[in-house]
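Protein sequences appear in the order of chains X and S.
My numbering numbers the first residue of the first sequence as 106 and each following residue consecutively.
My numbering numbers the first residue of the second sequence as 12 and each following residue consecutively.
Here's the structure, in structure tokens; my notes come after.
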Amino acid sequence: MHLDACSIQELFRNKSRLRRQLQNHSCRELRIAVLRGSTVNEVIELAELFLLAEGLRCTFYESEYNKYYEEAVIDSERIVNFRPDIVYVHTSCMNLRGWPPLSATESDHEAFVAAEFSRFQQIWDSVQQRLGSHIIQNNFELPPFRVLGNLDSIAYGGRTRFINRLNLEFANQAVHDPRLFVQDVHALSAALGGRNWFDWERWYNYKVMTTPAASLALARSLTAIIRSLYGRSRKCLVLDLDNTLWGGVIGDDGPENIKIGRETAVAEAYTVFQEYCLMLRSRGILLAVCSKNDEETAKQGFEHPDSVLKLSDFSSFRANWEPKHENLVAIAEELNLGVDSLVFVDDNPAERALVASQLPMVAVPDVGSDVTQFIPALEAGGYFETVNTSAEDFSRADTYQANWQRALLESKFRDYREYLDSLQMTADIDAFKPVYLDRITQLTNKTNQFNLTTRRYTAGDIQKISLDPTYITLYGKLTDAFGDNGLVSVIVGRKDGSTLHIELWLMSCRVLKRDLELAMLDELVARAQSARIETIVGYYNRTPKNTMVADHYLRLGFVCESQDSNGAHSTWRLQVTADYQPRCRTIQVRDSVHT
Amino acid sequence: MQCEKQRSASSMANILEELQPLFRDILDQPNLRISRESNSSNVEGWDSLAHINLVTAIEQEYDIKFSIDELLDLKNVGEMVDLMEIKLATK
Numbered sequence: 106m107h108l109d110a111c112s113i114q115e116l117f118r119n120k121s122r123l124r125r126q127l128q129n130h131s132c133r134e135l136r137i138a139v140l141r142g143s144t145v146n147e148v149i150e151l152a153e154l155f156l157l158a159e160g161l162r163c164t165f166y167e168s169e170y171n172k173y174y175e176e177a178v179i180d181s182e183r184i185v186n187f188r189p190d191i192v193y194v195h196t197s198c199m200n201l202r203g204w205p206p207l208s209a210t211e212s213d214h215e216a217f218v219a220a221e222f223s224r225f226q227q228i229w230d231s232v233q234q235r236l237g238s239h240i241i242q243n244n245f246e247l248p249p250f251r252v253l254g255n256l257d258s259i260a261y262g263g264r265t266r267f268i269n270r271l272n273l274e275f276a277n278q279a280v281h282d283p284r285l286f287v288q289d290v291h292a293l294s295a296a297l298g299g300r301n302w303f304d305w306e307r308w309y310n311y312k313v314m315t316t317p318a319a320s321l322a323l324a325r326s327l328t329a330i331i332r333s334l335y336g337r338s339r340k341c342l343v344l345d346l347d348n349t350l351w352g353g354v355i356g357d358d359g360p361e362n363i364k365i366g367r368e369t370a371v372a373e374a375y376t377v378f379q380e381y382c383l384m385l386r387s388r389g390i391l392l393a394v395c396s397k398n399d400e401e402t403a404k405q406g407f408e409h410p411d412s413v414l415k416l417s418d419f420s421s422f423r424a425n426w427e428p429k430h431e432n433l434v435a436i437a438e439e440l441n442l443g444v445d446s447l448v449f450v451d452d453n454p455a456e457r458a459l460v461a462s463q464l465p466m467v468a469v470p471d472v473g474s475d476v477t478q479f480i481p482a483l484e485a486g487g488y489f490e491t492v493n494t495s496a497e498d499f500s501r502a503d504t505y506q507a508n509w510q511r512a513l514l515e516s517k518f519r520d521y522r523e524y525l526d527s528l529q530m531t532a533d534i535d536a537f538k539p540v541y542l543d544r545i546t547q548l549t550n551k552t553n554q555f556n557l558t559t560r561r562y563t564a565g566d567i568q569k570i571s572l573d574p575t576y577i578t579l580y581g582k583l584t585d586a587f588g589d590n591g592l593v594s595v596i597v598g599r600k601d602g603s604t605l606h607i608e609l610w611l612m613s614c615r616v617l618k619r620d621l622e623l624a625m626l627d628e629l630v631a632r633a634q635s636a637r638i639e640t641i642v643g644y645y646n647r648t649p650k651n652t653m654v655a656d657h658y659l660r661l662g663f664v665c666e667s668q669d670s671n672g673a674h675s676t677w678r679l680q681v682t683a684d685y686q687p688r689c690r691t692i693q694v695r696d697s698v699h700t
Numbered sequence: 012m013q014c015e016k017q018r019s020a021s022s023m024a025n026i027l028e029e030l031q032p033l034f035r036d037i038l039d040q041p042n043l044r045i046s047r048e049s050n051s052s053n054v055e056g057w058d059s060l061a062h063i064n065l066v067t068a069i070e071q072e073y074d075i076k077f078s079i080d081e082l083l084d085l086k087n088v089g090e091m092v093d094l095m096e097i098k099l100a101t102k
């Protein structure tokens, strides 16, 4: 029985039957007391199913409706007699009592936060003193209305601010308290959206706070926390390759044609999924490959220059033509794990169904066949939940950070050079390679601003040029401390005796002002020297969009040879001398083999 | 959709028949048969929590939503079916 494959309707309708079917598992018994602020049967019934499927049979005690505080602090006899292993305090923003008035000052706000926090702290203290059990405590969804609008999160009397602050206090407490675990309802509700979270008809009629979808999200997250508490979180992510870790079929399309990198929308989506897998690995989740492929061909995918994942990132690699469920068993044995530690991701529904039926203890999320939905599906399952993080989990530092941090960084430096140095830029500059021809063609057709001649090329043109020895071609890829910018600059130079005519020089605007043009020039001159070129001639053809590079060659030290009266066309000349001094000081250019 | 077809030629008997397996699943009684006269006092296991489950399942499967006052005055399954008729006809 695979709950991952059940729709929300099937789960709700067949709860009783599913529970009966799952009872047969050999189970560990658990006792869970629910201190509730609303009607939560739905959440409890669903969590019971999910936990049964994980081999945990739970007996529940529910407090009287909205008596979560009283039954913990004042009248705790029943909960003490129940002897719970876990106390789950389930409340919502509708249970908060001490809202600050709209007119609250900063000190009022502090006092109201402290008072509400103290109410919950009394619950936790009482549970720990009387029961010593684990406590799972929700934090709070944002309030359903904001009478102050955007100011609600800023003003001291705003309810949004109050909840944000209370959530922070809960987190601060949980950091230091090994028995307290916070269920991040704030994040769960945000992911679903407030309108899909609150169920007002059911609230007023039955005091059920959440929609069925929200109840399901709560049940899954509760299950994930409990699984984690009892060491039953998943430990290994097993991945298919073709159309899962990259776009295309490597055996048919060839390793150079798989879709990975930042050059197309599809490639970028696969790259982001690879980055997500790598982040899981860096927090201690093992990665494995299970693919129907020729092993040598499959491995070539990870030698693709844009592949984020490298062969060495995988703890087990099974690419062959055997049935996948047999390979999964072999992977589990190789890694000394149970199959119940595995999560299997495959774009092919037939493979997923086979594994789910043959190995019911393997988690097989319904990831669909659209790479953009893989991460949401994995996240919804909460398979890799952990209740704490240790230094060992983080065996590798995260290198991926968001772009905006660059801007933040920039403001802290004395001068621009210091900023550029801090970016730790490395460039890969080399002659056109087959794997990049599509991206190069694409850039020649869409780059308008930093483009000296704005010549457009077809894929056929670019391929011909790449093979023609009368051309010197260069592409530039730039990586910095925040990530890989991909292939962003292109030069095409045509040799004519001892002269090199620069027919095309372009650069993507995403790397303006990084000195990459200097690095490109240095490499161009080096190659011109090898080819016994004496003069490099550059051309500027003005268009409505490329005036930013009108003085490009002037800035690089070229001499103006001719110019129209109106400056629309100009020709520039650089003598190639043996004592040329490289201009770029801020980018480390990777050694490339000159051909 | 099979349901849609049935509904366009709908009669109350059809909805009542469609609800039979739903009631059996939710109340977990494989041999249950409900009639228009069934209600929480004459069907075993139809307590307040089962009632929430029944209403939620009907809302999910028919993609309808009952407003806060609509369910209060219903005396039996027959009145529920009548209300569903109206809601489905105006969807």
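In this text, a Cβ means the ideal position worked out from N, Cα and C, and glycines have one as well.
Quick one: Cα of residue i to Cα of residue j, how far?
i: F222(X); j: I241(X); result: 15 Å
i: Q278(X); j: A655(X); result: 59 Å
i: V540(X); j: I355(X); result: 13 Å
i: R251(X); j: T265(X); result: 7 Å
i: D357(X); j: E153(X); result: 46 Å
i: F77(S); j: S212(X); result: 44 Å
i: Q554(X); j: Y261(X); result: 47 Å
i: V55(X); j: T491(X); result: Lying before the first or after the last residue shown, residue 55(X) is absent from chain X, which here runs from 106 to 700.
i: P428(X); j: A485(X); result: 27 Å
i: E401(X); j: F422(X); result: 11 Å
i: R647(X); j: Q379(X); result: 41 Å
i: E134(X); j: V444(X); result: 21 Å
i: T328(X); j: F155(X); result: 7 Å
i: D93(S); j: I63(S); result: 19 Å
i: N243(X); j: W305(X); result: 20 Å
Within 8 Å (strictly less), CB to CB, does residue i reach chain X?
i: E29(S); result: no
i: K102(S); result: no
i: K76(S); result: yes
i: L94(S); result: no
i: D39(S); result: yes
i: D36(S); result: yes
i: A99(S); result: Just to set this straight, residue 99(S) is Leu in the shown sequence, not Ala. No, its Cβ sits nowhere closer than 8 Å to a Cβ of chain X.
i: L43(S); result: no
Which term fits residue i, buried or exposed, when burial requires 16 or more other beta carbons within 10 angstroms of its beta carbon?
i: H281(X); result: exposed
i: P750(X); result: The requested residue 750(X) does not occur in the structure, where chain X is confined to residues 106 to 700.
i: E115(X); result: exposed
i: D80(S); result: exposed
i: S603(X); result: exposed
i: L629(X); result: buried
i: D498(X); result: In this prediction, D498(X) scores a pLDDT of 45, lower than 50, which makes its location untrustworthy; no coordinate-derived value is stated.
i: A324(X); result: buried
i: A68(S); result: buried
i: D189(X); result: Correcting the residue identity first, residue 189(X) is Pro in this sequence and not Asp. Burial call: buried.
i: Y309(X); result: exposed
i: Y193(X); result: buried
i: W426(X); result: exposed
Shorter than 8 Å from the beta carbon of residue i to some beta carbon of chain S?
i: S121(X); result: yes
i: Q379(X); result: no
i: R325(X); result: no
i: F155(X); result: no
i: R141(X); result: no
i: F407(X); result: no
i: R561(X); result: no
i: Q128(X); result: no
i: Q554(X); result: no
i: R332(X); result: no
i: Q114(X); result: yes
To be precise: take each residue of the segment 293-323 of chain X, compare its Cβ to all Cβ atoms of chain S, and keep it if any distance is under 8 Å. Which residues remain?
For the segment 293-323 of chain X, which is checked against every Cβ of chain S, the residues closer than 8 Å are W305, E306, R307, Y309, N310, Y311, V313 and P317.
Using a Cβ-Cβ cutoff of 9 Å, what residues of the segment 60-73 of chain S are near chain C? List them in chain order.
The displayed structure is made up of protein chains X and S, and chain C is not among them.
Tell me which residues of the segment 164-193 of chain X have at least one Cβ-Cβ distance to chain S shorter than 9 Å, keeping chain order.
none
Short-range partners of chain X found in the segment 78-91 of chain S, where Cβ spacing is below 7 Å
S78, I79 and L82
In chain order, which beta strand (DSSP E) runs of at least 3 residues are fully inside the segment 121-179 of chain X?
133-141 and 161-167
Along the segment 244-268 of chain X, what residues have a CB closer than 8 Å to any CB found in chain S?
From the segment 244-268 of chain X, no residue has a Cβ closer than 8 Å to chain S.
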